[in-house]
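Peer 1: My questions will all concern the structure given below.
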Amino acid sequence: MAVVHEQRRTRLAAALTLADLDGVLVSHLLTVRYLTGFTGSAGHALLGADGSCVLATDARYDLQASDEAPDVELVITRHGLSDLATRATDAGWSRTGFEDLHLTIADWRTLVEQRDAPFDGCAQGALAFGQVDRARAQRVEAAPEPREERPRIQE
């Protein structure tokens with residue numbers, strides 16, 4: 001299944017490049033799952049236009065995240081959203097998208113108030129990135145995973 005998540009991230013990374021964004025901060029749990037495979041109830045992701053992906057969750061989900069999203073970088077933190085925003089800033093990103101349909105105003109304000117945050121152009125909606133939801137809505141059929149044959153009971 002990791003291949004499917006990698007393909008999804010690759011398609012979204014291409015859309016980021018077309019939108020002239022360095023990356024996108026993912027806050028909606030369904031989208032985090034769509035891009036990484038992580039099914040926990042606390043997590044955020046940061047996807048770069050280069051295809052890199054960081055998953056942030058708290059210590060309760062350390063083992064689960066490692067198992068479910070083995071192909072992304074894992075960060076254990078209690079402040080996933082702001083820590084990932086800091087990573088974007090530290091990486092030199094100047095234009096970072098976010099899920100405009102899912103990020104609360106309070107969370108957005110927190111991001112904008114961070115030092116040198118790459119979200120400061122968001123007031124005009126310049127970086128709002130609804131393509132995350134559109135990408136998730138476009139279902140790509142993947143080859144089904146092989147099922148283990150169960151022994152049949154003879155009557």
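Here the sequence shown stands for residues 1 to 155, numbered as in my numbering.
The beta carbon of each residue, even a glycine, is placed where N, CA and C say it ideally should be.
Because the structure is a prediction, the values reported are computed rather than measured.
Skipping 5 residues on each side, what residues in its chain have a beta carbon closer than 8 Å to that of Pro70?
Peer 2: Along the sequence shown, one-based indexing puts residue 70 at 70. Closer than 8 Å at the Cβ level, and outside the excluded window around Pro70, lie Ala2.
Peer 1: Considering only residues of the same chain and omitting the five flanking positions on each side of Ile76, which have a CB-CB separation below 6 Å?
Peer 2: For the purposes of this step, residue 76 is taken as residue 76 along the sequence shown, with counting starting at 1. Excluding residues within five positions, the ones whose Cβ falls inside 6 Å are Ala59, Asp62.
Peer 1: Determine the extent of the beta strand (DSSP E) in which Gly23 is found, giving its start and end residues.
Peer 2: What you label residue 23 is simply residue 23 of the sequence shown in a count that begins at 1. Taken as a continuous stretch (DSSP letters only), the beta strand (DSSP E) holding Gly23 covers 23-26.
Peer 1: Throw me the rounded Cβ distance for the Leu74 and Ala65 pair, which I believe falls under 8 Å.
Peer 2: Taking the sequence shown and counting its residues from 1, one reaches residue 74 at position 74. Taking the sequence shown and counting its residues from 1, one reaches residue 65 at position 65. That belief holds up - the Cβ atoms of Leu74 and Ala65 are roughly 5 Å apart, short of 8 Å.
Peer 1: Taking buried to mean at least 16 other C-beta atoms within 10 Å of its own C-beta, is Gly92 buried or exposed?
Peer 2: Working through the sequence shown from its first residue, we reach residue 92 at position 92. Gly92 comes out exposed.
Peer 1: Going by alpha carbons, who is nearest to Leu35 out of Leu21, Glu6, Asp100, His102?
Peer 2: Within the sequence shown, numbered from 1, the residue matching residue 35 stands at position 35. Selected option, being the one with the closest Cα: Glu6.
Peer 1: Within 10 angstroms of its Cβ, does His79 collect 16 or more other Cβ (buried), or is it exposed?
Peer 2: For the purposes of this step, residue 79 is taken as residue 79 along the sequence shown, with counting starting at 1. By the neighbour-count rule (16 or more Cβ atoms within 10 Å), His79 is not buried but exposed.
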